[in-house]
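Below is one structure, written out as structure tokens, with a few remarks after it.
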Amino acid sequence: MEDVYLPKEELTFALDGDRLAVRLVRRRGRVAGELVEILERRRSMVVGTFHRTRREAYVEPFDEGLPPRIPVRTDQGPTARSGQVVKVRMLRWPTPTEPAEGVVVEVLGDERSPKAELLSIAFARGFADVFPEAVLREAEALPETVRAEDFAGRRDLRDLPLVTIDGADAKDFDDAVYVEKVPGGGFRLVVAIADVAHYVRPGSHLDEEALRRATSVYLPGLVLPMLPEKLSNGICSLVPYEERLCMVAELTLDAAGKTVNTELYEGVMRSHARLTYEMVAAMMGEGEAEIPKYAKFWEEAHLEPAVALSRLLNERRQQRGSIDLDIPETYPVLGEDGRPVRIERRQRTWAHRLIEEFMLAANEAVAWFFEARGLPTIFRVHDVPDREKLMHFAALARVHGADLKIGKSGFSTRQINAFLRELEGKPEQHALNTLLLRSMQQAVYSAENIGHYGLAAENYLHFTSPIRRYPDLMVHRLLKAHWERAGRSPSAKARACLEARLDEVAVRSSERERAAMDAEREAHDYLACLYMQPRVGEHFDAVVTAVTDFGLFVEIVDHGVEGLVKAETLGGHWVFDDLRLELSLPEEGRTYRIGDTLRVVCAAVHVERRQIDFVPEAYAALEASGAGGR
């Protein structure tokens, strides 16, 4: 889809993220858009400060992209006082004949709290923390437990010791796994996935809202789920010791980890334990978490084959050229008031990789099932990188001692992996990994299969997380439809309708995924600003993560917080090399490039702009002495 320019006068009533119908016209020798209709409003909720005057009540939104005053009705919803922060449901947006209008649905407090800011960030991208009444009614009508009649046609896996392995704070459990060695040195891998499709039927209010959201959003201290809690944390979640319906990918693998047979079927299961990554890491000697008694059976009987198979799967992926970018994650630890008390680097252990390898194997096996039968589905695809971006990155890599040769089809993924291995342990590793990621295309959902470049996979899709991703739910439905047809292909007409529908869902899901990622990124930046606010004036060790003509982006070594060192604070007249991404001061022989380290002082924090300013220690010392102003 190409970008279309709309003049300002065409956007009087359209807001960022709205879906529009436009007419292409030629104005002053260039093609522009003319607004025909607003097809869909992205936002339904707003956070802001409530005001009441003698004449009206209105909300001043936190989001500067909205009208500065939104009138609200006072005959509905809770009573708010002037100055309080409120959550508003929009009844209508402004039109040529009517102003915007909303209704207060919740009073969030007397001040601009972190929770209110995070909600505003999510709302700005079209997500909501509450569900429409019709959706909640459908959810409440669902059973609390699996009914006996739901067992029909399903394979009984209740005695199979399936377990879930997730983060310690997880509440929605999509997947459970079982691994055993089989005679001859091979493995049996059973991946059981929550059967959301059994409960969320096409065309229902639940389904329509799930597609509208298309993904769950995970912000620090705040989850905006794709499905109501009755499903996401209840009847669909594979909680321990409870019977649950599931969709199963059962793989038989040889001693080298190659899949030799795949069975897909509906099942009923009971999770035998809720394990965490920390527990499994401790079992492997990679951590000190306590291993509870209920987990001992898995450590004694199932840990060894699970670890062995995960290592084989990882080795096979590496051999075929699958790219593993080691980009460390940071996350804020929040206090009771929602403000960050510290920012930690998330430790990635083999326990994370173990589950990742099993999910990748299941996703790929299901994709092969569809591809081998010529069945329409939603693939997860990753196109080859743009050649120009690769050439730019190759030039940058050479600055850091790596000779990345570009062939007709770009780099091979094996070349990239060799480069990544050379970077391990170097100061510039994180920054160059991030730049490499940015030089690649973004993975998206598509009804057309073009393969997955990053995984070096011919066929790949998402099957393993239907509680939090709509494409996975669609894949489950397509499998069920195939079984209901007893393996027969759909008619030409039905296939054409289905493919058109899959295109729509793929585009929608990709757009919502990007919106969720944007929300998560801004939430992280906002909380980083809150964390650094009381630390203005403190000194830190930093690493250069990006170089621009206006300065350096640096990351604090201990906290992973990123900010800007403006070029004018570096002293002298700096020259920017956009190919090598360097700032140099030729007369002094000084150069800054990615991976360089320096001592900085936190100079300012701009929470509204989500920006942190640092200055070099030498500049701060000059300013403190008064010499910087002369």
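Here the numbering used here is used: the first residue of the sequence shown is 121, the next is one more, and so on.
Using N, Cα and C, we set each Cβ at its ideal position, and we do this for glycine too.
On the three-state DSSP scale, how would you describe residue i?
| i | result |
| --- | --- |
| Asn-569 | coil |
| Asn-381 | strand |
| Asn-290 | The sequence given here has Ala at residue 290, not Asn. Three-state result, Ala-290: coil. |
| Met-594 | helix |
| Tyr-125 | coil |
| Ala-152 | strand |
| Arg-750 | Note that Arg-750 has pLDDT 39, beneath the 50 cutoff, so the model's placement of it is unreliable and no number is given. |
| Phe-539 | helix |
| His-679 | coil |
| His-772 | Outside the displayed span of the chain (121 to 750) sits residue 772, for which this structure offers no information. |
| Ile-355 | helix |
| Met-165 | strand |
| Thr-199 | coil |
| Ala-577 | strand |
| Ala-740 | helix |
| Arg-608 | coil |
| Tyr-319 | coil |
Just how far apart, CA to CA, sit residue i and residue j?
| i | j | result |
| --- | --- | --- |
| Ala-393 | Glu-420 | 14 Å |
| Leu-556 | Phe-513 | 7 Å |
| Ala-563 | Thr-217 | 42 Å |
| Gly-749 | Ala-724 | Any reading at Gly-749 must be qualified, since the residue scores a pLDDT of 48, below 50, and its modelled position is unreliable; no value is offered. |
| Gln-731 | Leu-495 | 48 Å |
| Ala-551 | Glu-702 | 14 Å |
| Ser-430 | Val-297 | 12 Å |
| Val-380 | Leu-371 | 8 Å |
| Pro-348 | Asp-446 | 34 Å |
| Met-511 | Thr-533 | 15 Å |
| Glu-362 | Val-283 | 12 Å |
| Leu-684 | Val-519 | 23 Å |
| Ile-285 | Tyr-414 | 14 Å |
| Glu-688 | Glu-708 | 16 Å |
| Asp-374 | Gly-305 | 7 Å |
| Val-255 | Val-205 | 27 Å |
| Ala-428 | Trp-488 | 24 Å |
| Val-310 | Arg-440 | 24 Å |
Got a sec? Which residues, its chain only, sit under 6 Å from residue i by beta carbon, not counting five neighbours each side?
| i | result |
| --- | --- |
| Cys-356 | Ala-314, Val-316 and Ile-587 |
| Arg-274 | Glu-386, Gly-387 and Val-388 |
| Lys-291 | Asn-353 |
| Ala-515 | Leu-699 |
| Glu-221 | Pro-191, Leu-211 and Arg-212 |
| Arg-143 | Glu-154 and Val-156 |
Leaving aside the five residues before and after residue i along the sequence, list all residues of the same chain whose C-beta is less than 8 Å from its C-beta, in chain order.
| i | result |
| --- | --- |
| Glu-160 | Asp-138 and Arg-139 |
| Met-346 | Ala-330, Arg-333, Ala-334, Thr-335, Ser-336, Ser-352, Ile-587, Arg-588, Arg-589 and Tyr-590 |
| Ala-567 | Pro-496, Thr-497, Ile-498, Phe-499, Glu-619, Leu-622, Asp-623 and Ala-626 |
| Asp-506 | Ser-559 and Gln-561 |
| Val-727 | Tyr-646, Cys-649, Leu-650 and Gln-653 |
Taking the continuous beta strand (DSSP E) assigned at residue i, which residues delimit it?
| i | result |
| --- | --- |
| Lys-686 | 682-686 |
| Gln-731 | 731-736 |
| Cys-366 | 363-373 |
| Thr-396 | 393-396 |
| Leu-140 | 139-147 |
| Asp-697 | 695-697 |
| Leu-344 | 342-344 |
| Glu-702 | 702-705 |
Quick check on the DSSP output: the alpha helix (DSSP H) that includes residue i runs from which residue to which?
| i | result |
| --- | --- |
| Pro-234 | 234-243 |
| Glu-717 | Note that residue 717 is Thr in the sequence shown here, rather than Glu. Looking at the DSSP string, Thr-717 is not in any alpha helix (DSSP H); the run it does join, the beta strand (DSSP E), is 717-726. |
| Glu-484 | 470-493 |
| Glu-260 | 253-260 |
| His-502 | No alpha helix (DSSP H) holds His-502; DSSP gives it neither H nor E. |
| Arg-518 | 507-519 |
| Tyr-646 | 612-652 |
| Val-311 | Where Val-311 is concerned, there is no enclosing alpha helix (DSSP H), although the beta strand (DSSP E) it sits in stretches over 306-314. |
| Leu-557 | 549-559 |
So, at 7 Å on beta carbons, what are the nonlocal neighbours of residue i in its own chain, with the 5 sequence-adjacent residues on each side left out?
| i | result |
| --- | --- |
| Tyr-178 | His-171, Arg-189, Ile-190, Pro-191 and Val-192 |
| Glu-484 | Ala-577, Asn-579 and Tyr-580 |
| Met-403 | Ile-411, Glu-419 and Leu-423 |
From the DSSP output, which residues share a beta bridge with residue i?
| i | result |
| --- | --- |
| Val-283 | Val-297 and Ala-393 |
| Glu-226 | Lys-207 |
| Glu-449 | Arg-466 |
| Leu-454 | Pro-460 |
| Lys-191 | In the sequence as displayed, the identity of residue 191 is Pro instead of Lys. According to DSSP, which records beta bridges pairwise, Pro-191 is partnered with Tyr-178. |
| Leu-433 | Partner(s): none; Leu-433 has no beta bridge. |
Would you please verify whether the beta carbon of residue i is less than 8 Å from any beta carbon of chain C?
| i | result |
| --- | --- |
| Glu-682 | The structure shown contains no chain C, having only a single protein chain. |
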